[in-house]
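Visitor:
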Amino acid sequence: MPLNPGDLNDYSPERIQAFKQQALLNERYTISGQGNQLEIDRKDWAPRDWPDPQLPSITTEGASLGPLIAEGDSWFDYLPGIDILDHLRYRGYAFDVSYARAGDTLENMIYGTKHDRDYNRLPPTLDAVLTRLSQVKPKALLFSGGGNDVAGEEFTRYFNHSHSGLKAFRDSFAEFEIGIVFKKYLDDLCAKVRQASPSTVIVMHGYGHTPPTGKAVINAGDFRFIGPWLRNVLTSKGITDTQEQRSIVFYVIDLYNEMLKAVQRDNSDNFRFVDLRQVINPDSDWANELHLTNAAFYAAASRIHDELQLLAQ
11 MPLNPGDLND
21 YSPERIQAFK
31 QQALLNERYT
41 ISGQGNQLEI
51 DRKDWAPRDW
61 PDPQLPSITT
71 EGASLGPLIA
81 EGDSWFDYLP
91 GIDILDHLRY
101 RGYAFDVSYA
111 RAGDTLENMI
121 YGTKHDRDYN
131 RLPPTLDAVL
141 TRLSQVKPKA
151 LLFSGGGNDV
161 AGEEFTRYFN
171 HSHSGLKAFR
181 DSFAEFEIGI
191 VFKKYLDDLC
201 AKVRQASPST
211 VIVMHGYGHT
221 PPTGKAVINA
231 GDFRFIGPWL
241 RNVLTSKGIT
251 DTQEQRSIVF
261 YVIDLYNEML
271 KAVQRDNSDN
281 FRFVDLRQVI
291 NPDSDWANEL
301 HLTNAAFYAA
311 ASRIHDELQL
321 LAQ
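In the working numbering, the protein residues as written are 11 to 323.
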């Protein structure tokens, strides 16, 4: 049977990650445990309706950069699918360590937002990233983030209720939050990385245009698990026209990508922005509202690969 996100509860993240990586190297790979069996076909990297999907060949192109470090969210740590880091490993890239965790936010990664039961603040993962950067001095730090700072419960802050008589979309808030606040987060990231490892370049992707479909990671009848993040918020605010929903979400994504361009402009020595808007098809490349199909993750990884290869020259 195909890899089912609902079955992942039986397995540790480490075990599933090892399983996925082995699956990339075999036509079919099976793992059994606790009475269940998971099986993935390497052809699953491509949509089933493709007439003759060409399997990506295993290459060693990425090895020329040496060990890299990664930090990010579910685009680098997506257990139900083959994510960007999986595809890059498939092309020969080696990661000294990946600190990526599904669901993580820019704010938490860079500054730390978590605390223990006694309200002692926990350090941001960036502390560990910087320590390792100073030791390894990799050519690149792959970074993924921002989606969880906007989507889900955070997305409600971008709207007034449409029945309130106020403008439904708080465009000034969105422009400030993304263009000023998030940019400051990433400018700080660039400064900290520059200090820890001056030769390391941050390579960060933007997001493609995702339609607010209401699809979650797991959809079983009326049951939704891990998501949705967009359409439910829009509907709760009385914004129900599908074209209006789509236009708002696309605009927010454009704001985010333009902000990343500004970060690159102001940190041209150690930040590279990878724009995926022309790579990702809004109507066919999304498995759910926040995550791509395996094939689209492959396309995104290929674009990131192109940028990384410029660093190898």
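Cβ coordinates follow ideal geometry from the N, Cα and C atoms, glycine included.
Out of Y261, G76, T245, T303, state which residue places its alpha-carbon closest to the alpha-carbon of D93.
Guide: For the purposes of this step, residue 93 is taken as the residue at position 83 of the sequence shown. Of the listed residues, the one whose Cα sits closest to D93 is T303.
Visitor: Out of T115, D137, A311, state which residue places its alpha-carbon closest to the alpha-carbon of F192.
Guide: Numbered from its first residue, the sequence shown carries residue 192 at position 182. It is T115 whose Cα lies nearest to the Cα of F192.
Visitor: Near L240, what residues of its chain come up, given a Cβ to Cβ distance below 7 Å and the 5 sequence neighbours on each side ignored?
Guide: Position 230 of the sequence shown, counted from the first residue, corresponds to residue 240. Here the set comprises A161, F165, P222, V259, E299.
Visitor: Keeping to the same chain, check which residues put their C-beta closer than 7 Å to that of S108; ignore five residues upstream and five downstream.
Guide: Position 98 of the sequence shown, counting from 1, holds the residue named residue 108. A80, F86, L95, listed in sequence order.
Visitor: If you measure between the beta carbons of R287 and G189, is that distance less than 8 Å?
Guide: Locating residue 287 in the sequence shown gives position 277, counting from the first residue. Locating residue 189 in the sequence shown gives position 179, counting from the first residue. Contact: no.
Visitor: Mind listing, in chain order, the continuous beta strand (DSSP E) runs of no fewer than 3 residues lying wholly within the region 243–306?
Guide: You should have 281–284.
Visitor: Using 8 Å for Cβ pairs, my map puts Y195 next to I120. What's the rounded Cβ distance?
Guide: In the sequence shown, the residue the question calls residue 195 occupies position 185. In the sequence shown, the residue the question calls residue 120 occupies position 110. Indeed they touch by this definition, with Cβ atoms about 5 Å apart.
Visitor: In whole angstroms, give me the CA-to-CA distance for S182 and S246.
Guide: Position 172 of the sequence shown holds residue 182. Position 236 of the sequence shown holds residue 246. Roughly 21 Å between the two C-alpha positions.
Visitor: Helix, strand or coil for T108 per DSSP?
Guide: As a first step, residue 108 must be located in the sequence shown, where it is residue number 98. The sequence given here places Ser at residue 108; Thr does not occur at that position. In this structure, S108 counts as strand in the three-state DSSP scheme.
Visitor: Do the CB positions of V243 and P90 come within less than 8 Å of each other?
Guide: For the purposes of this step, residue 243 is identified with residue 233 of the sequence shown, where counting begins at 1. For the purposes of this step, residue 90 is identified with residue 80 of the sequence shown, where counting begins at 1. No. Outside cutoff.
Visitor: Hey, quick one: how far does the alpha helix (DSSP H) through L136 stretch, first residue to last?
Guide: Here the question's residue 136 lines up with position 126 in the sequence shown. Start and end: 135–146.
Visitor: Would the region 131–145 and the region 171–180 be scored as touching if the rule is three or more Cβ pairs under 8 Å?
Guide: In short, these stretches do not touch, since the Cβ pair count stays below three.
Visitor: Could you check what DSSP says for L152 in three-state terms: helix, strand or coil?
Guide: Taking the first residue of the sequence shown as position 1, residue 152 is located at position 142. Strand at L152.
Visitor: Suppose you measure from the CA of G157 to the CA of Y103; what does that come to, to the nearest Å?
Guide: The residue given as residue 157 occupies position 147 in the sequence shown. The residue given as residue 103 occupies position 93 in the sequence shown. Going from the Cα of G157 to the Cα of Y103 covers about 25 Å.
Visitor: Can you give the Cα-Cα distance for D126 and P133, rounded to whole angstroms?
Guide: The residue you call residue 126 lines up with position 116 of the sequence shown. The residue you call residue 133 lines up with position 123 of the sequence shown. Straight-line Cα distance between these residues: approximately 11 Å.
Visitor: What is the DSSP secondary structure of A178, counted as helix, strand or coil?
Guide: As a working mapping, residue 178 is identified with position 168 in the sequence shown. Here A178 sits in coil by DSSP.
Visitor: Please go through the same chain and pick out, in chain order, the residues whose beta-carbon is closer than 7 Å to the beta-carbon of M269, but skip the five residues on each side of it.
Guide: As a working mapping, residue 269 is identified with position 259 in the sequence shown. Answer for M269: I188, G189, F192, K193, listed in chain order.
Visitor: DSSP state of I92, grouped into three classes?
Guide: Here residue 92 refers to the residue found at position 82 of the sequence shown. Coil.
Visitor: Can you name, in chain order, every residue of its own chain whose Cβ lies under 6 Å from the Cβ of P23, other than the five neighbours on each side?
Guide: Within the sequence shown, numbered from 1, the residue matching residue 23 stands at position 13. Annotation note: pLDDT 46 at P23 (below 50); position unreliable, no value reported.
Visitor: Apart from the five residues just before and just after L199, which ones in its own chain have a Cβ nearer than 6 Å to its Cβ?
Guide: Walking along the sequence shown from the start, residue 199 turns up at place 189. For L199, where only same-chain residues beyond five positions count, the Cβ hits under 6 Å are I120.
Visitor: Using a threshold of 8 Å, state whether the C-beta atoms of K177 and L136 are closer than that.
Guide: As a first step, residue 177 is located in the sequence shown; it is residue number 167 there, counting from the start. As a first step, residue 136 is located in the sequence shown; it is residue number 126 there, counting from the start. Result no, Cβ atoms of K177 and L136 do not sit closer than 8 Å.
Visitor: Helix, strand or coil: how does DSSP classify L75 here?
Guide: Here residue 75 refers to the residue found at position 65 when the sequence shown is read from its first residue. In the structure shown, L75 sits in a helix (DSSP, three-state: H, G or I).
Visitor: Could you check whether L75 and V213 sit closer than 8 Å to each other, using their CB atoms as the reference points?
Guide: By one-based count along the sequence shown, residue 213 stands at place 203. By one-based count along the sequence shown, residue 75 stands at place 65. Result no, Cβ atoms of V213 and L75 do not sit closer than 8 Å.
Visitor: Would you list the residues sitting across from M214 in a DSSP beta bridge?
Guide: Looking up residue 214 in the sequence shown gives position 204. According to DSSP, which records beta bridges pairwise, M214 is partnered with F153, F283.
Visitor: For the alpha helix (DSSP H) that contains H206, what are its first and last residues?
Guide: Numbered from 1 along the sequence shown, position 196 holds the residue referred to as residue 206. One detail in the question is off: residue 206 reads as Ala in this sequence, not His. That run of the alpha helix (DSSP H) goes 193–206.
Visitor: Once DSSP output is grouped into helix, strand and coil, what is the label at R131?
Guide: One-based indexing of the sequence shown puts residue 131 at position 121. In the structure shown, R131 sits in a strand (DSSP, three-state: E or B).
Visitor: From A110 to G82, what does the alpha carbon distance come to, in whole angstroms?
Guide: Here residue 110 refers to the residue found at position 100 of the sequence shown. Here residue 82 refers to the residue found at position 72 of the sequence shown. When rounded, the distance between both Cα atoms is 4 Å.
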